Amino acid sequence: MANTAHFITATEDDNPVLTVRDDRGAEVTELELPPTVSGPVEADDELLAAGWSRSADWTTADDGWVAPVVPA
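Quick note: the sequence shown uses the numbering used here, first residue 2, plus one each step.
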């Protein structure tokens, strides 16, 4: 099963969010990140702390970044 992490940057009103979805698009994990997390490099630490590890580089999306992930 392929899982994808989607890192959405903060807006003026919200903190950044990191969502892991399975290959069907169902949410597996959602993390509200501190406002200091401003890019995918900082999100990697939060992803690892939640038990996930990237299996490839982040790529840009319309509202942030996406990357394939596997359980850590």
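Using N, Cα and C, we set each Cβ at its ideal position, and we do this for glycine too.
As the structure is a computational prediction, the values presented were derived from the model and not from experiment.
Residue i (DSSP reduced to helix, strand or coil)
i	result
proline 17	coil
proline 35	coil
alanine 27	coil
alanine 50	helix
alanine 44	helix
tryptophan 1	Beyond the ends of the chain as shown, which are 2 and 73, falls residue 1; an answer cannot be given.
Residue i versus residue j - alpha carbon distance
i	j	result
asparagine 4	aspartate 23	4 Å
proline 36	proline 69	23 Å
arginine 55	valine 42	11 Å
Whole-Å CB distance - residue i paired with residue j, under 8 Å assumed
i	j	result
threonine 60	tryptophan 66	7 Å
Same chain, Cβ closer than 7 Å to residue i, neighbours up to 5 away in sequence not counted
i	result
glutamate 47	Leu19, Leu32, Leu34 and Val38
isoleucine 1	This structure does not reach residue 1, given that the chain is present from 2 up to 73, and the question cannot be answered.
proline 72	Gly52 and Trp53
Close Cβ partners of residue i (< 6 Å) along its chain, the five nearest in sequence each way excluded
i	result
alanine 27	none
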